[in-house]
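Trainee: Chains as they are written, first to last, in full-length UniProt numbering: chain A, 1 to 434; chain B, 1 to 434.
2 protein chains.
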Amino acid sequence: MTAHNERRSWVDSANGHPDFSLANLPLGIFSRPGLTPRGGVAIGDRILDLKAALDAGLFDGTARQAAEAASGDSLNAFFALGAPARRALREALQGLLDADSLQRERLQALGETLLQPMAACRLHLPARIGDYTDFYVGIHHATNVGKLFRPDNPLLPNYKYVPIGYHGRASTIDVSGAAVKRPNGQTLAPGASEPSFGPSKRLDYELELGIWIGEGNARGEAIPIAEAGSHVAGFCLLNDWSARDVQAWEYQPLGPFLSKSFATSVSPWVVTAEALEPFRCAQPPRPEGDPRPLPYLWDERDQQAGALDIELEVLLLTDAMREQGLAPQRIALSNTLNMYWTVAQMVAHHSVNGCSLQPGDLFGSGTLSGERPESFGSLLELTQGGKQPLHLPSGETRTFLEDGDEIILKARCRRDGYPSIGFGECRGRVLPAA
Amino acid sequence: MTAHNERRSWVDSANGHPDFSLANLPLGIFSRPGLTPRGGVAIGDRILDLKAALDAGLFDGTARQAAEAASGDSLNAFFALGAPARRALREALQGLLDADSLQRERLQALGETLLQPMAACRLHLPARIGDYTDFYVGIHHATNVGKLFRPDNPLLPNYKYVPIGYHGRASTIDVSGAAVKRPNGQTLAPGASEPSFGPSKRLDYELELGIWIGEGNARGEAIPIAEAGSHVAGFCLLNDWSARDVQAWEYQPLGPFLSKSFATSVSPWVVTAEALEPFRCAQPPRPEGDPRPLPYLWDERDQQAGALDIELEVLLLTDAMREQGLAPQRIALSNTLNMYWTVAQMVAHHSVNGCSLQPGDLFGSGTLSGERPESFGSLLELTQGGKQPLHLPSGETRTFLEDGDEIILKARCRRDGYPSIGFGECRGRVLPAA
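(1) Tell me the DSSP bridge mates of A:HIS141?
(2) Run through chain A and tell me which residues come within less than 9 Å of B:ILE164, C-beta to C-beta.
(3) Please state the DSSP three-state secondary structure of A:ALA42.
(4) Helix, strand or coil, according to DSSP, for A:LYS387 in the structure here?
(5) Helix, strand or coil: how does DSSP classify B:ILE225 here?
(6) Output the boundary residues of the beta strand (DSSP E) element that contains A:GLY234.
(7) Let's test the definition: count the other Cβ atoms within 10 Å of the Cβ of A:MET1 and tell me whether it reaches 16, buried, or not, exposed.
(8) Smallest Cα separation from A:ASN76: which of A:LEU237, A:ARG122 and A:ARG128?
(9) Determine the DSSP secondary structure at B:PRO117, reduced to helix, strand or coil.
(10) Using the beta-carbon of each residue, which ones in chain B are nearer than 9 Å to A:VAL352?
(11) Against B:ASP131, what residues of chain A qualify as contacts under a CB-to-CB distance less than 7 Å, listed in chain order?
(12) How many Å lie between residue 440 of chain A and A:VAL266 at the Cα?
(13) For B:GLY404, which residues in the same chain have their Cβ closer than 6 Å to its Cβ, ignoring the five residues on either side in sequence?
(14) Where B:GLU406 and B:ARG38 are concerned, what is the direct C-alpha to C-alpha distance, given to the nearest angstrom?
(15) Can you confirm whether B:VAL266, when its beta carbon is compared against all beta carbons of chain A, has any partner nearer than 9 Å?
(16) List, in chain order, every chain E residue whose beta-carbon is nearer than 7 Å to that of A:GLU194.
(17) According to the neighbour-count rule (16 or more other Cβ atoms, all chains shown, within 10 Å of its Cβ), is B:LYS387 buried or exposed?
(18) In this structure, how does DSSP classify B:GLY364 when only helix, strand and coil are distinguished?
(19) Can you list the residues of chain A that B:GLN358 reaches, using a CB-CB cut of under 9 Å?
(20) Any idea if B:ASN184 is buried or exposed, counting beta-carbon neighbours within 10 angstroms, 16 or more meaning buried?
(21) How do the stretch 152–169 of chain B and the stretch 372–390 of chain B stand: do at least 3 beta-carbon pairs fall below 8 Å, yes or no?
(22) Helix, strand or coil, according to DSSP, for B:TYR296 in the structure here?
(23) Can you tell me whether B:LEU97 is helix, strand or coil according to DSSP?
(24) Which residue wins for smallest C-alpha separation from A:VAL314, given the options A:ALA433, A:GLY428 and A:TYR161?
(25) Return the residue from the list B:CYS281, B:ALA170 and B:TYR161 that minimises the CA-CA distance to A:THR187.
(26) Okay, do the stretch 289–298 of chain A and the stretch 41–50 of chain A touch, 3+ Cβ pairs below 8 Å being the bar?
(27) Below 9 Å between beta carbons is the criterion; list the residues of the stretch 6–30 of chain A that meet it against any residue of chain B, in chain order.
(28) At what residues does the beta strand (DSSP E) containing A:SER196 begin and finish?
(29) Between B:GLY417 and B:ARG106, what straight-line distance do the alpha-carbon atoms span, to the nearest angstrom?
(30) Check each candidate in A:THR36, A:ASP73 and A:ARG87 and name the one with the smallest Cα separation from A:GLY61.
(31) Near A:LEU419, which residues of its chain fall below 6 Å by C-beta distance, leaving aside the five closest residues on each side in sequence?
(32) Starting from A:LEU316, trace the beta strand (DSSP E) in both directions and tell me its first and last residue.
(33) Answer yes or no: do A:PRO33 and A:GLY422 have a C-beta to C-beta separation smaller than 9 Å?
(34) Counting contacts by CB-CB distance shorter than 9 Å, is A:GLY220 in contact with chain B?
(35) DSSP has B:HIS349 in a bridge; who is on the other side?
(36) Quick test of the definition: if touching needs 3 or more C-beta pairs under 8 Å, does the stretch 113–120 of chain A touch the stretch 339–347 of chain A?
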């Protein structure tokens, strides 16, 4: 099915592709036996090799500069170029891949040199991540988790003033598909007076939006909120794997540490800010009585068009389901509209103290749960801290993740009259502890 | 004054040098007009240029490999080689620089090509820092800070089981000498019901030991405590600048964020684990009644010889003191023996969940205060949260840092019969907010 205003491509599989039509064109780093890791662009079931496209002389001017920056083994240099370069490359690619492209025959003749079959390629982390920051802007998640500790007063007094965030571990961020070894750690068993050591018994996932920083800011110079959007290169899915029992014991007073630093997974494709333009919308109004944010976090245009309408999904596939030939079971359906703060507010806040953001830095949004259980983005919430097991079509139940369980995050934007934009998948399967 | 067993060098300024005698030989990255940033070794008032030494063919075998890895614009590759390479380079350098070196005349003839005057050089960050982790192992600091919030129960229940730490910001770590712009941020004034925005009014320093990670560990494979020491390349001074008013408002529930991420300063020289060997000692016995740590944190040899005896100093120089020609005033004298956990315990804990440490990662120890006010490593402690001003020889008082104030951290190891080992300085001057 093709949306009425979808441009058609001569790459057949792109037309009506739910994720990677000509309207998306996300960037990533791929390799294939014989091809070292390099920048590529997803189109249908193919990956356009930017190095091969450059060798064929397909780009000029700013688009050429952008393609060169994106053709190495990471996208950092491309991210650093900012929005004009991204736009120029996007327009050039849309022209080249359009069904009516004047160069169509020449490009088709290049065959797999230009367009690698995605299924034969391996995908890598799209950038070298300098710093990773995890936010906490999913207000329903913050409320749900707060309720487990403070039933009467779930949200702390700072929540509606401060886009809460903390520094995460960059060295353990993996691309989708990497297995996740269950972490060992210290935990305090219920009723115990002393901690014990062993594999986490409360392993969980967190459904998050990942945000790739493009152009950085100079040290000491805050990014004004009106300019914050232009510092974002693109988006991905992010699974902030969490060991809840380790977290509960370690997190006071300095925050989560080993309960998170064993693994974070991201989807491989960077869906650009430009591709998501049609899915920008107004930030949902703050509930009656909520304070107005401080001026450095407030921009009318950002409030009117700075939110994102992206459907988010969590699926679970257990070993027993695999054996029974069952498909992954959807266990949550949520949306980025559950963010209490916009991405621009996160960027403005992060830099307001003069902290320098750098191309390739990664933000996580925090868990994006909705208001109702079907939309809860973690097992902690779905099972009420392990008290209400989840029932699976295999006849199994789950409170937290078991070895062999695979979590699959998906994201897609849909809007009447527009081609859909997909993020691809963020997958990770749990392996037994060491 | 030269210790009785100090080896003499033909570099005259090294003999009896309180910081950089032949017994120390710390590594760093330096540049000079006409010389791009490169690895060097401090010796007296000189820096030995490792690239020039390689060009002159001064090293063989493992020492040559180590010097090559250390001769670029960061020490990461050198750190990755681990202890055998560090030892080989150290022995080769001690042989070359010894007063009785057979190559003395040839080396002296190289003059400034080999030995740059330190005063004419600029020092840089010694490594590209992948991840920065700040611990909280100074038990007197944790107790002092805890008392401000919980007078009856200052230490949380996990403190004596868990070497508490959190992820810090890597992009804003500077080398000594870089100015520190006072951060802007959200704070909740005493008695106010809503936060306000502006320059921090409670800017503070924190006296910490910095720990440079050498050889890393494979993802998913914990570093056993008995091997943890061999993953540490060396040490530096670290100032964890802190905006206390921002911190108090933002830190719940996920820990410090913008209150720290505006700046962290480190001293430029990496004092190697080998140079500090004579200053290893037994970990001070745990107070009666303290629990024995879990087995993954316990190693008899580490308890007997894994602590460090390093004298630490904080000095303050204000604008008025500068105008009056006064010297920096010492405001604290402490020691690394105030660490409740050893460095090996920190490394073992950090990796026990499978988190990969990488060459060039940096740890901060946490503030190393002693038991008495003269040894408190932050103004928060020295002034009891701003209630008891510090009196300075200029006639001024301080509760927190004012614009123009400069903080200078120093560290030195002394032991009868051994040459002293100094760390050099970690300096930073406060500039007005943007």
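Every residue gets a Cβ at the ideal spot worked out from N, C-alpha and C, and that includes glycine.
No experiment lies behind these values; they were computed from the predicted model shown.
Mentor: With the structure as the only source:
(1) Looking at the DSSP assignment, A:HIS141 forms no beta bridge with any residue, so it has no partner.
(2) GLU250, GLN252, PRO253, LEU254 and PHE257
(3) strand
(4) coil
(5) helix
(6) First-last of the beta strand (DSSP E) with A:GLY234: 232–239.
(7) Annotation note: pLDDT 45 at A:MET1 (below 50); position unreliable, coordinate value reported separately. A:MET1 is exposed by the Cβ-count criterion.
(8) In this structure, A:ARG128 is the residue among A:LEU237, A:ARG122 and A:ARG128 with its C-alpha nearest to the C-alpha of A:ASN76.
(9) strand
(10) PRO183, ASN184, GLY185, GLN186, PHE197 and LEU258
(11) ARG169, ALA170 and SER171
(12) With chain A running from 1 to 434 in the structure shown, residue 440 of chain A is simply not present.
(13) ASP319
(14) 28 Å
(15) Not a single C-beta of chain A is nearer than 9 Å to the C-beta of B:VAL266.
(16) Given the protein chain composition of this structure (A and B), no chain E is represented.
(17) exposed
(18) strand
(19) SER171
(20) buried
(21) Under the three-pair Cβ rule at 8 Å, the stretch 152–169 of chain B does not count as touching the stretch 372–390 of chain B.
(22) helix
(23) helix
(24) A:GLY428
(25) B:TYR161
(26) no
(27) none
(28) That run of the beta strand (DSSP E) goes 196–199.
(29) Roughly 32 Å separates the two Cα atoms.
(30) Comparing Cα-Cα distances from A:GLY61 to each of A:THR36, A:ASP73 and A:ARG87, the minimum goes to A:ARG87.
(31) According to the sequence shown, residue 419 of chain A is Pro rather than Leu. Around A:PRO419: ALA3, GLU6, SER21 and ALA23.
(32) 311–317
(33) no
(34) Yes, A:GLY220 lies at the interface with chain B (some Cβ there is under 9 Å from its Cβ).
(35) DSSP lists no partner for B:HIS349.
(36) With the rule of 3 Cβ pairs closer than 8 Å, the stretch 113–120 of chain A does not count as touching the stretch 339–347 of chain A.
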